[in-house]
Amino acid sequence: MINPLASVSSNAKIGENVTIEAFTSIYEDVKIGDGTHIGPNVTIYPGTRIGENCKIFPGAVIGAVPQDLKFGGEYTTVEIGSNTTIRECVTIHRGTTDKMKTSVGDNCLLMGYVHVAHDCQLGNNVILANYVGLSGHVTIDDYAIIEGKAAAQQFVHIGAHSFVAGASLIRKNIPPFVRAAREPLSYAGINAVGLRRRNFIEEDIKTIEDIYRILFVQNNNISNGLQALENELPKSELKKQVTQFVKNSEKGIIRGLM
Numbered sequence: 001m002i003n004p005l006a007s008v009s010s011n012a013k014i015g016e017n018v019t020i021e022a023f024t025s026i027y028e029d030v031k032i033g034d035g036t037h038i039g040p041n042v043t044i045y046p047g048t049r050i051g052e053n054c055k056i057f058p059g060a061v062i063g064a065v066p067q068d069l070k071f072g073g074e075y076t077t078v079e080i081g082s083n084t085t086i087r088e089c090v091t092i093h094r095g096t097t098d099k100m101k102t103s104v105g106d107n108c109l110l111m112g113y114v115h116v117a118h119d120c121q122l123g124n125n126v127i128l129a130n131y132v133g134l135s136g137h138v139t140i141d142d143y144a145i146i147e148g149k150a151a152a153q154q155f156v157h158i159g160a161h162s163f164v165a166g167a168s169l170i171r172k173n174i175p176p177f178v179r180a181a182r183e184p185l186s187y188a189g190i191n192a193v194g195l196r197r198r199n200f201i202e203e204d205i206k207t208i209e210d211i212y213r214i215l216f217v218q219n220n221n222i223s224n225g226l227q228a229l230e231n232e233l234p235k236s237e238l239k240k241q242v243t244q245f246v247k248n249s250e251k252g253i254i255r256g257l258m
C-alpha cells in the first residue's frame, strides 16, 4: 500500500506487499523488497537497495551522498539486507570509490539516530544502539553489539560476537568474542553471555577464554601474546580466527587489561 501523500518515483522498483506511508520520498534507482514497511517522512535516495521484510521508521534518510570532500559524484550504492529494522532518524550514506557501497546485512537493528557513514560494511545480526556514530570505512562483523552513544573512528574493524560498552570511543580494532569498555577502550573479558545466547558450547567458550587470557592477561604486548598462543594452545578454528584478526589489524587493537 502506497499512501497517496507519498512521493514515489516511477523508476523505483517496489516489491509486493510493501507499505509506504505519507510524506515519504522515494527517488529513482531505488529497489525495495517484498513485505518491507516504510513509515512516514522517510527519504530514500537513488542507489539504495533494501531487502525483504524490513521496517524503516519516521525520519530515516538512506542513500544520501557521503560527507566526504573527496567524493566526486561517482555511482555508488547503499545495500540493506532483509529483516533489518531501521529506527527513527537513522542516516546511512552511499559509498565512495573505496568500497563503492555502504552495506548493512540481514536481521540488523539500528536504533534511533544512528549514523552509518560512507563505505561502512555491517554484517548480519548487528545491533547499534541509540546515537551510535560510525565514521567512514568502518567494518562490523556478524553479531556485534555496540551500546548507545559510542563513536567509531574511520577504518576500525569490530570483530564478530563482540560487545562494546556505551559512550565508548573506538579508535582501535576490537577482536572477535570480547567485551570492550573503559577509556581508553580496553579488553574487559570475553562476551560469554552473548556467546551462550548464540548456542556456543562450553568447550568453545573455554577455548576463547584461554586465548584471551594468554593474549591480553599473561603477556604485556601483542607480539609476545601471539607467540605464546602459537606455543601453548592447540590448533583450532577459534584460535585461527582470533590470530588472523590480530595480525591483519594494521590500525592496531584495543588495549589489554589495565
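This note's numbering numbers the first residue of the sequence shown as 1 and each following residue consecutively.
Glycine residues also receive a C-beta, built at the ideal position from the N, C-alpha and C atoms.
Being a predicted model, the structure only gives us computed values, none of them experimental.
Can you list, in chain order, the residues of its chain with a C-beta nearer than 6 Å to that of residue i? Leave out the 5 residues immediately preceding and following it.
i, result
"Cys120", "Thr102, Leu134 and Val138"
"Gln154", "Ser135, Gly136 and His137"
"Asn83", "Asn53, Asp106 and Asn107"
"Val61", "Thr43 and Thr91"
"Ile14", "Ile32"
Rounded to a whole number of angstroms, what is the C-alpha to C-alpha distance between residue i and residue j?
i, j, result
"Val42", "Ile80", "15 Å"
"Tyr131", "Leu169", "13 Å"
"Val90", "Leu233", "43 Å"
"Gly39", "Gly59", "8 Å"
"Ser236", "Gly256", "22 Å"
"Val217", "Phe200", "23 Å"
"Gly166", "Gly194", "16 Å"
"Lys206", "Gln227", "20 Å"
"Ile26", "Gly72", "23 Å"
"Ala64", "Thr96", "12 Å"
"Leu238", "Pro175", "12 Å"
"Pro184", "Arg171", "9 Å"
"His37", "Pro4", "15 Å"
"Gly225", "Asp98", "33 Å"
"Arg198", "Asn220", "31 Å"
"Arg182", "Val78", "33 Å"
"Ala6", "Val242", "48 Å"
"Tyr113", "Val18", "24 Å"
According to DSSP, is residue i helix, strand or coil?
i, result
"Phe57", "coil"
"Gln227", "helix"
"Tyr45", "coil"
"Arg179", "strand"
"Tyr212", "helix"
"Thr96", "coil"
"Gln244", "helix"
"Leu134", "strand"
"Arg198", "coil"
"Ile20", "strand"
"Val8", "strand"
"Lys239", "helix"
"Glu232", "helix"
"Thr36", "coil"
"Leu79", "As written in the sequence, residue 79 is Glu, which differs from the Leu given in the question. In the structure shown, Glu79 sits in a strand (DSSP, three-state: E or B)."
"Ile158", "strand"
Check this for me: beta carbons of residue i and residue j, under 7 Å apart or not?
i, j, result
"His115", "Pro66", "no"
"Tyr187", "Ile254", "yes"
"Phe177", "Ile190", "yes"
"Leu229", "Ile214", "yes"
"Ala129", "Glu147", "yes"
"Ile32", "Ile50", "yes"
"Val164", "Ala180", "yes"
"Thr76", "Met100", "yes"
"Gly251", "Asn173", "Sequence inspection shows Lys at residue 251; the Gly mentioned does not correspond to that position. Yes. Within cutoff."
Does residue i pass the burial test, meaning 16 or more other C-beta atoms within 10 Å, or should it be called exposed?
i, result
"Arg87", "buried"
"Gly259", "A question about residue 259 goes unanswered here, because the residues of the chain that appear run from 1 up to 258."
"Asp34", "exposed"
"Tyr45", "buried"
"Val8", "buried"
"Ser223", "exposed"
"Tyr212", "buried"
"Thr24", "buried"
"Leu110", "buried"
"Lys70", "exposed"
"Arg94", "buried"
Go through its chain and collect everything with a Cβ distance to residue i's Cβ below 7 Å, but skip five positions before and after it.
i, result
"Asp29", "Asn11, Pro46 and Gly47"
"Ile2", "Val8 and Ile20"
"Val246", "Pro175, Ile222, Leu226 and Ile253"
With a CB to CB cut of under 8 Å and the five nearest residues on each side skipped, what residues in its chain are close to residue i?
i, result
"Asn125", "Gly105, Asp106, Asn107, Cys108, Asp142 and Tyr143"
"Asp210", "Leu233"
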